[in-house]
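The opening residue of the sequence shown carries number 339 in my numbering; numbering runs sequentially from there.
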Amino acid sequence: MSRIVQESLDTPVAGTYDVIVVGGGASGTVAAIAAARSGARTLLIERGGCLGGAATANLVAQWVAFFHGETRVVGGIPYELAERVIDAGGSEGFHRYVMGEAAGTPFPLRVLPFNPETVKWVLDDVTREAGVDVLFHTTFARVLTDGSMLAGASAETVQGRLAFLAPIIIDASGDALACASVGVPFKEDDGNGRQPCTLSFRLSNVDVPRFKAVPSVERRALVLEGLRRGELFWESVSFVSTPGQTDAICLMSRIQGIDALDARDASRAEQEGRRQIRSILAFLRRDMPGFENAILADVAERVGVRETRRIEGRYTLSEEDIMQARSFEDSIALGAGPMDRHQPGGTGIRLYAPPAPFEIPLRTLIPVNVEGLLVCGRTLSSTREAMAGARHMATSMAMGQAAGTLGAIAATRNTLPSFVPTGEVQQSLQKAGALFRREQLTPTP
Ligand SMILES: Cc1cc2nc3c(=O)[nH]c(=O)nc-3n(C[C@H](O)[C@H](O)[C@H](O)COP(=O)(O)OP(=O)(O)OC[C@H]3O[C@@H](n4cnc5c(N)ncnc54)[C@H](O)[C@@H]3O)c2cc1C
């Protein structure tokens, strides 16, 4: 884009807060709950019409990384949300699941499959109980500054552009949009090696037990034949079935070569996703036992994006940190993996396990050059490989609890996040039941 048009705006101030969270996805919703419970006046702005992010808007209907093997590594608010979803009838509880089975890289793990509609209700309830001010259909525009200090954020709403004031902003947009608007540097990335995107869809009238009765070698043979004929797009019949075993929420499209930060690419991704779904549906109905009478019930509100920006933070989490189980003084969350990298440009997936739960330092959530701004979720400061193991939703939620807690302490004490002693954040997290050090863990019976 070479030409620039100058705009001058008079933006009404529509509220004053301690903490503004940008993005109501996995990490942002938990960040907002944590901030509000810690006493901060908290605003959560979300461009869609529901909370949950990938879990709801992208129909990614299972929370991964609560468990490393049989050991639970995420507690606090994320685990409370998991229990609330189960209590509300939205999930039958944690299940053992084999990821990548048809891809030839079987990887057993414990996941929480759920009905995304129940997750929406639960997140509405929990944010309301915590006193979070939630604004839907509100698209973050830019960070506002006052001299060298952060002053708030502007956003496009149904009332037009509005400004909200706060000294702390937590960027949970998945794309580090707030960071980009104030010049936070990002990890070098030309957009080429990014993981593919997926448009998920929901089928009803599926006989899930009949599908599960097909031996995995037979399923894999069917999938490889579908791939050979160009009717499938990766080596997987990856789906989550909701309680009742009648629906399959399918993550089977694979949209390559997309820079989700480019408006035209992002639009092309939606059209390509729908094209693939039409082809996958015809394949499943014709060839896959259990799917003969499947009905297309829903397509996700938007394409799911696995990877865009990663910030340059005060520490960069690496694959070696994870694989060598390094300990950090300032650990604030535990990841479980798997290291899960969908092959850019290909049909496979690289899946392998960290040997132990891994610690995530608080410094990965603090940009190198801007005070008052924090991140959580998949934009943490990390190498591409480390991000592939830390991006799962339970881990993202755990990072959200840490960012929200730190943001609230800083705002209510009128100081900057980097002046808050890490020990205080850890103490608050511990009180709230969060797990962030390997020594806290006990294997689940
Ligand atoms: C196809 C796919 C399959 C996956 N499978 C799994 C899985 O099975 N299990 C698992 O645990 N993880 C899975 N993941 C990974 C996981 O979903 C993400 O890494 C995780 O959700 C990241 O959390 P987040 O909070 O950073 O982002 P998100 O959960 O994506 O949330 C970002 C939020 O910010 C909002 N937002 C963005 N821009 C704006 C704006 N301008 N203004 C206001 N709001 C904005 C979005 O609407 C969204 O709600 C998958 C991801 C994808 C894409």
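Just so you know, even glycine gets a beta-carbon here, dropped at the ideal spot from N, CA and C.
Everything numeric in this text was worked out from a predicted model, so none of it was measured.
Excluding sequence positions up to five away, which residues of its chain have a Cβ less than 6 Å from the Cβ of residue i?
{"i": "R385", "result": "T477"}
{"i": "Y653", "result": "P699, R701 and T702"}
{"i": "F474", "result": "E384 and G387"}
{"i": "V643", "result": "C535 and A598"}
{"i": "H680", "result": "Q533, P534 and I687"}
{"i": "V641", "result": "C535, L537, A607, E608 and G611"}
{"i": "P759", "result": "none"}
{"i": "A749", "result": "D356, V357, A378, P505 and I506"}
Residue range of the beta strand (DSSP E) that residue i falls in?
{"i": "R688", "result": "I687 to Y690"}
{"i": "E650", "result": "First-last for E650: undefined, no H or E at that position."}
{"i": "D636", "result": "I633 to V637"}
{"i": "V449", "result": "F445 to P451"}
{"i": "V359", "result": "V357 to V360"}
{"i": "M437", "result": "H433 to M437"}
{"i": "E494", "result": "M487 to T495"}
{"i": "V351", "result": "V351 to T354"}
{"i": "A516", "result": "A516 -> not in any beta strand (DSSP E); alpha helix (DSSP H) instead, spanning L515 to S519."}
Note down the Cα distance separating residue i from residue j, rounded to an integer number of angstroms.
{"i": "Q594", "j": "F629", "result": "26 Å"}
{"i": "P416", "j": "E408", "result": "18 Å"}
{"i": "A378", "j": "S756", "result": "18 Å"}
{"i": "A493", "j": "G353", "result": "12 Å"}
{"i": "A468", "j": "D425", "result": "19 Å"}
{"i": "G568", "j": "S617", "result": "9 Å"}
{"i": "D600", "j": "S346", "result": "25 Å"}
{"i": "D678", "j": "S365", "result": "19 Å"}
{"i": "F452", "j": "V412", "result": "18 Å"}
{"i": "S665", "j": "M725", "result": "17 Å"}
{"i": "Y435", "j": "V460", "result": "24 Å"}
{"i": "I747", "j": "S511", "result": "22 Å"}
{"i": "L382", "j": "F502", "result": "11 Å"}
{"i": "L767", "j": "V637", "result": "37 Å"}
{"i": "T456", "j": "H433", "result": "18 Å"}
{"i": "S706", "j": "C517", "result": "In the sequence as presented, Ser is not what sits at residue 706; that position holds Val. When rounded, the distance between both Cα atoms is 11 Å."}
{"i": "E574", "j": "G683", "result": "Inspection of the sequence shows that residue 574 is occupied by Ser rather than by Glu. If you take the alpha carbons of S574 and G683, they lie about 15 Å apart."}
{"i": "Y690", "j": "T721", "result": "16 Å"}
{"i": "K458", "j": "G675", "result": "25 Å"}
{"i": "D659", "j": "A369", "result": "25 Å"}
{"i": "A635", "j": "G485", "result": "51 Å"}
{"i": "L500", "j": "Y355", "result": "14 Å"}
Along the alpha helix (DSSP H) that carries residue i, what are the first and last residues, could you check?
{"i": "D484", "result": "Premise fails: D484 lies in the beta strand (DSSP E), T477 to D484, not in any alpha helix (DSSP H)."}
{"i": "Y417", "result": "G414 to D425"}
{"i": "F696", "result": "That residue, F696, is in no alpha helix (DSSP H); its beta strand (DSSP E) goes F696 to P699."}
{"i": "D463", "result": "P454 to A468"}
{"i": "V706", "result": "V706 -> no alpha helix (DSSP H), and no H or E assigned at all."}
{"i": "G673", "result": "Unbroken run through G673 is the beta strand (DSSP E), S669 to G673; no alpha helix (DSSP H)."}
{"i": "Q662", "result": "Neither: Q662 is in no alpha helix (DSSP H) and is coded neither H nor E."}
{"i": "A395", "result": "Here A395 belongs to no alpha helix (DSSP H), and DSSP marks it neither H nor E."}
{"i": "Q764", "result": "T760 to K769"}
{"i": "S579", "result": "From DSSP, S579 is part of no alpha helix (DSSP H) but of the beta strand (DSSP E) over F577 to S579."}
{"i": "L619", "result": "A601 to D625"}
{"i": "Q739", "result": "M731 to T750"}
Confirm, please, whether the CB-CB distance from residue j to residue i is below 8 Å.
{"i": "T536", "j": "L589", "result": "yes"}
{"i": "D509", "j": "V360", "result": "yes"}
{"i": "S579", "j": "V552", "result": "no"}
{"i": "I358", "j": "G490", "result": "yes"}
{"i": "P656", "j": "R775", "result": "The residue asked about is misnamed: residue 656 is Ser in this sequence, not Pro. Not in contact: S656 and R775 (Cβ atoms no closer than 8 Å)."}
{"i": "L397", "j": "P444", "result": "no"}
{"i": "M661", "j": "F549", "result": "no"}
{"i": "E709", "j": "L754", "result": "yes"}
{"i": "G715", "j": "G363", "result": "yes"}
{"i": "T367", "j": "A373", "result": "no"}
{"i": "I507", "j": "L779", "result": "no"}
{"i": "P692", "j": "G727", "result": "yes"}
{"i": "A772", "j": "A732", "result": "no"}
{"i": "S591", "j": "F577", "result": "no"}
{"i": "F696", "j": "A663", "result": "yes"}
{"i": "I596", "j": "F539", "result": "no"}
{"i": "V472", "j": "S519", "result": "no"}
{"i": "G742", "j": "P581", "result": "no"}
{"i": "T465", "j": "I371", "result": "yes"}
Going by beta carbon distance, what residues of the same chain come within less than 8 Å of residue i, once the five residues before and after it are set aside?
{"i": "A632", "result": "L541, S542, N543, V544, A586, L619, L622 and R623"}
{"i": "A514", "result": "V522, F524, T646, R647, R648, I649, V713 and T717"}
{"i": "A651", "result": "It should be pointed out that residue 651 corresponds to Gly in this sequence rather than to Ala. Within the same chain, G651 has close Cβ partners R701, T702, L703, I704, P705, V706, V713, L718 and S719."}
Should residue i be flagged as near chain B, meaning a C-beta pair shorter than 8 Å?
{"i": "G564", "result": "The structure shown contains no chain B, having only a single protein chain."}
Leaving out five residues on either side along the sequence, give the residues of the same chain with a beta carbon under 7 Å from the beta carbon of residue i.
{"i": "E610", "result": "I593"}
{"i": "A420", "result": "W401, F404 and L450"}
{"i": "A395", "result": "G386, C388, A638, E639 and R640"}
{"i": "V423", "result": "S429, F452, T456, V457 and V460"}
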